[in-house]
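J.: Respectively, the protein sequence lines represent chains A and B.
Here the working numbering runs 595 ahead of the position in the first sequence, where the first position is 1.
Here the working numbering runs 367 ahead of the position in the second sequence, where the first position is 1.
Glycine included, C-beta positions come from ideal geometry on N, C-alpha and C.
One structure coming up, written as structure tokens, with questions to follow.
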Amino acid sequence: MTLSNDRDSKAVEIKHLDVYYGSRLAVKDVSLPVYTHKITAFIGPSGCGKSTVLRSINRMNDLIPSARVEGEVLYHDKNLYGADVDAVEVRRRIGMVFQKPNPFPKSIYDNVAYGPRLLGVNKREVLDEIVEMSLKQSFLWDEVKTDLKKSGLALSGGQQQRLCIARTLAVEPEIILMDEPCSALDPIATQRIEELMRELVSTYTIVIVTHNMQQATRVSDYTAFYSIRKEGDDTHEHRWGVLVEYGETQQLFEQPQQEETADYISGRFG
Amino acid sequence: MTTHMPDDSAFKKQLAVRNSRSARWQMFFLAATSAGIVMLAILLMSILNQVFGLVAVYQLADPNTLVNGNPVVAASAPDLANVLKDNLTKGKMQALLLNTVIGKDVDRALLSGGAITQIPTLKVVPADLTTKGFTELTPDDLSALLAANLTSTQLEAIVLEQIVKQEVLQSWNFIDSVFNRGAVEQTVQDRIAGVGLSPTLSADQQKEAKDQWQNATIEWRSWLNIDLLEKSMSATATDAGVRGALVGSIWVLTLTMGIAAPLGIGAAIYLEEYARDSNYRSKWIQRFNTVIEINIRNLAGVPSIIYGLLGLAIFARALGFFTSGQVFTGEEATGRTILTASLTLALVILPVIIINAQEAIRAVPKSIREASYGLGATKWQTVSQQVIPAALPGILTGIILSLSRAVGETAPLIVVGAAVFLSQDPSGPFSAFTTLPIQIFNWAALPSDQFRNLSSAAIIILLIMLLALNAIAIVVRQRYSRRLQG
């Protein structure tokens with residue numbers, strides 16, 4: 596698996612993805628491409644399955660015992676759910692940043708060095724270099740370079756989130772998945788993360804789930820809008836998520852093809 | 368608009384009722400707490416009451432002037448050996464040498480013929496005695512041999528035991544000693560006059576007892592002292608100590624922890640991290656795991672004496688060839704050893720350790736696990752580098768608290784066969800054993816007052832051990848949680 600420089604090539608292609616929790620259908624028939632060196636945003640109302648789709652791209656759903664996936668997630672034409680694919684390798688290539696900043700209860704240095712160490716990189720000077728580079732890439736270096744021994748939990752929320760991004764960058768993934776990375780942050784910290792994302796996309800492919808439509812228009816190149824379908828009466832209601840529309844961000848926000856999309860982005864529902 | 372809420376005056380009236388109800392409950396909670404504390408205080412006081420108090424002591428010789436007018440405590444080894452020679456017969460001196468230096472197991476042929484240098488256990492032999500046989504030794508020779516082979520501390524103990532023969536005629540508890548001194552004096556006067564002595568004594572014994580009381584001194588005694596820790600078991604209260612039981616307790620505790628901790632943590636990790644895994648999605652495996660979990664929870668409530676019966680049947684009898692050390696030494700021995708006790712106690716505390724460790728592991732935030740997996744960690748990397756370190760304070764606290772339960776456990780150990788009397792300290796996993804609570808139980812069951820005093824003193828030692836363990840648990844938890852918060 597090599598990093599492609601072709602600007603229009605697809606890093607990931609999701610084909611007819613269904614996700615179940617136990618016997619309950621959560622997401623139905625999602626198909627979309629993720630282009631390399633672009634930011635793809637997933638938007639939609641709560642419960643529409645956008646996070647579920649995101650988490651199935653690096654097989655984080657495997658951690659939920661009852662979760663089951665049907666369909667294909669192609670990564671450079673290889674199905675990530677194939678029998679010969681190890682989830683550990685998938686997650687090392689496709690990193691993830693979570694909604695709530697979740698640094699390990701360790702020093703800043705150890706947080707960033709954790710991933711490389713998992714892969715067997717143990718030389719001090721190599722780790723020093725990786726830590727410095729990753730923290731510089733995530734614009735955190737200048738703020739923490741004097742006390743790398745400090746606990747990651749002692750940082751502010753925005754700094755913690757940038758530390759988590761640095762931690763993800765340290766293992767040199769190709770794709771970074773971000774699950775509402777700014778929802779726990781104040782507007783200034785949010786702005787810094789958004790700038791950071793624009794910076795990172797020249798090297799990485801990014802998929803972001805966001806509740807904030809302005810954020811989607813500000814940072815993303817492509818947008819996928821998800822919505823909810825219902826079945827049954829009030830007592831036995833069954834809901835699942837579907838992909839309503841996918842397209843270039845500008846196009847989707849200015850000339851939505853579906854009425855539901857138009858309603859959502861104009862604030863008429865959701 | 369109509370309101371369903373009470374009007375102002377009704378509200379004020381009702382508020383007074385509500386406040387007084389809450390005050391009554393507060394009183395009840397305070398009373399409950401106080402009752403508990405008062406009970407504990409009474410318990411502690413009744414124990415301490417037995418530990419300190421007056422005793423009537425009778426001794427054949429005064430240890431403060433015994434060695435040429437000097438006290439026994441500061442005397443040299445040869446001087447002490449001389450005191451023994453002056454006060455004991457030749458036969459007694461021989462027996463003393465045999466019991467303390469040579470050892471009772473010696474080949475008898477070496478004693479009846481040949482030079483004493485042939486006896487392997489007799490390490491030091493003065494130059495002028497090398498040609499003599501054991502039976503040819505004069506009291507002076509025996510004294511010289513004792514002085515050469517024993518330390519002054521050992522000789523001091525022998526002098527106190529053989530010559531001073533201190534005997535506690537009666538002991539009084541702390542409250543009587545302080546507030547009812549008159550009654551104490553009255554008892555002494557009565558005994559001197561012969562009142563209150565055991566009616567079964569013969570006339571001669573009566574006279575002897577009266578003489579002893581006549582010469583007895585009344586003094587303060589703390590039954591809890593350094594001697595108690597240093598002395599081994601004895602049939603005389605003044606010579607008895609808890610050393611054997613304390614050593615036994617420490618051995619049992621260490622082995623119990625060595626067995627139960629790895630098993631308990633291992634089982635908890637399996638149940639929390641692996642058994643719920645999607646790799647085990649099969650319905651039968653899931654059911655099996657549920658059954659195991661329910662059983663562990665039930666086992667934590669099983670009375671410990673039942674574990675004792677299990678330990679007796681399995682560890683002491685069926686696996687006796689192993690727990691007695693027979694497989695290693697080849698010697699026929701019983702399975703009632705420290706190892707059996709430790710295995711049994713490990714069974715008693717295992718469910719508690721598992722449940723505590725499970726809860727500690729479950730309390731580790733999901734976000735930490737996700738972060739680790741998200742970076743491409745394997746299951747074991749995540750468990751060993753994130754989950755276990757984060758759960759460690761909880762796991763350790765659970766282990767230490769269950770150990771403090773194991774320290775006090777008595778019933779199962781009586782069942783698996785704790786020794787009532789140990790002449791030697793336990794020296795390894797295959798030794799016969801006794802522990803502090805069993806020692807306390809045995810002493811408390813004896814009719815003599817003095818042993819009850821000793822038993823109370825031993826309780827204090829046990830309590831100190833327990834408090835120390837609990838203190839460690841608190842320190843461990845504080846230190847680790849501070850580290851986790853950064």
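1. Please report how far the alpha carbon of P493(B) lies from the alpha carbon of G500(B), in whole angstroms.
2. Quick test of the definition: if touching needs 3 or more C-beta pairs under 8 Å, does the segment 648-659 of chain A touch the segment 735-755 of chain A?
3. By DSSP's criteria, F541(B) is part of a beta bridge. Which residues make up the other side?
4. Please confirm if A606(A) has its CB atom under 8 Å from at least one CB of chain B.
5. For I659(A), which three-state DSSP category applies?
6. So, is the C-beta of G853(B) closer than 8 Å to a C-beta in chain A?
7. In whole angstroms, give me the CA-to-CA distance for R588(B) and P438(B).
8. Quick check on the DSSP output: the alpha helix (DSSP H) that includes W747(B) runs from which residue to which?
9. Name the residue from D507(B), T605(B), Q748(B) whose alpha carbon lies nearest to the alpha carbon of R736(B).
10. Is S646(A) near V837(A), with beta carbons less than 8 Å apart?
11. Which residues bound the alpha helix (DSSP H) around G761(B)?
12. Taking the C-alpha atoms as reference points, what is the distance between W590(B) and R703(B)?
13. Tell me whether S616(B) is buried or exposed, calling it buried when 16 or more other Cβ atoms sit within 10 Å of its Cβ.
14. Nearest to E767(A) by CA position, among A811(A), I689(A), N697(A), Y704(A), is which residue?
15. Use the C-beta contact count for V842(B): other C-beta atoms within 10 angstroms, 16 or more gives buried, fewer gives exposed.
16. Could you name the residues of chain A that T745(B) contacts, counting a contact when the two beta carbons are closer than 7 Å?
17. Checking contacts by CB at 8 Å: is Y740(B) closer than that to chain A?
18. Output yes if chain A places a C-beta closer than 8 Å to the C-beta of Q753(B); else output no.
19. According to the neighbour-count rule (16 or more other Cβ atoms, all chains shown, within 10 Å of its Cβ), is E684(A) buried or exposed?
20. For a cutoff of 8 Å on Cβ pairs, would you count E737(B) as touching chain A?
21. Mind checking if R844(B) is an interface residue toward chain A, Cβ cutoff 8 Å exclusive?
22. Please confirm whether any heavy atom of the ligand ZN lies closer than 7 Å to the CB of L722(A).
23. Determine the DSSP secondary structure at S848(B), reduced to helix, strand or coil.
24. Which same chain residues end up closer than 6 Å to A514(B) when comparing Cβ atoms and leaving out the 5 residues on each side of it in sequence?
25. Which of the three DSSP states is assigned to D474(B) in this structure?
26. Curious, which full-length beta strand (DSSP E) runs of at least 3 residues does the segment 604-664 of chain A contain?
27. Using the Cα positions of A869(B) and V694(B), report the straight-line distance between them to the nearest angstrom.
28. Within 10 Å of its beta-carbon, does Q417(B) have 16 or more other beta-carbons around it, so buried, or fewer, so exposed?
29. Beta carbons nearer than 8 Å to chain B: which residues of the segment 636-656 of chain A have them?
30. Helix, strand or coil for F419(B) per DSSP?
31. Mind pulling the chain B residues with CB within less than 7 Å of V766(A)?
32. Counting contacts by CB-CB distance shorter than 8 Å, is S691(B) in contact with chain A?
33. Which of the three DSSP states is assigned to G842(A) in this structure?
34. Going along the segment 701-733 of chain A in order, which residues come within less than 8 Å of chain B, judged by CB to CB distance?
35. For I721(B), I'd like the list of residues in its chain whose CB is within less than 7 Å of its CB, leaving aside the five on either flank, ordered along the chain.
36. Suppose the cutoff is 6 Å on Cβ atoms and the five residues either side in sequence are ignored; what does the same chain contact list for S544(B) look like?
T.: Working from what's here:
1. Taking the straight line from one Cα to the other gives about 13 Å.
2. no
3. In DSSP, F541(B) forms no bridge with anything.
4. no
5. coil
6. Any reading at G853(B) must be qualified, since the residue scores a pLDDT of 45, below 50, and its modelled position is unreliable; the value itself is stated next. In terms of beta-carbon proximity, G853(B) lines the interface with chain A, with at least one pair separated by less than 8 Å.
7. 19 Å
8. 746-749
9. Nearest C-alpha to R736(B): Q748(B).
10. no
11. 755-775
12. When rounded, the distance between both Cα atoms is 31 Å.
13. buried
14. I689(A)
15. By the 10 Å Cβ count, V842(B) comes out exposed.
16. Those within 7 Å of T745(B) in chain A are V683.
17. yes
18. yes
19. exposed
20. E737(B) belongs to the set of residues whose beta carbon lies under 8 Å from a beta carbon in chain A.
21. no
22. What this structure holds is no ligand at all, so the ligand ZN is not there to describe.
23. In the structure shown, S848(B) sits in a helix (DSSP, three-state: H, G or I).
24. Spatial neighbours of A514(B) in its own chain (CB-CB distance under 6 Å, excluding positions within 5 residues in sequence) are listed in chain order as A444, P445, A448.
25. coil
26. Counting only runs of 3 or more, we get 605-616, 619-630, 634-638.
27. Since the displayed chain B opens at 368 and closes at 853, residue 869(B) lies outside it and no answer follows.
28. buried
29. N653, M655
30. strand
31. L742, G743
32. no
33. strand
34. Y709, G710, L713, L714
35. G631, A634, A635, I663
36. Apart from sequence neighbours up to five positions away, the residues of its chain that approach S544(B) with a beta-carbon distance below 6 Å are G420, L421, ordered along the chain.
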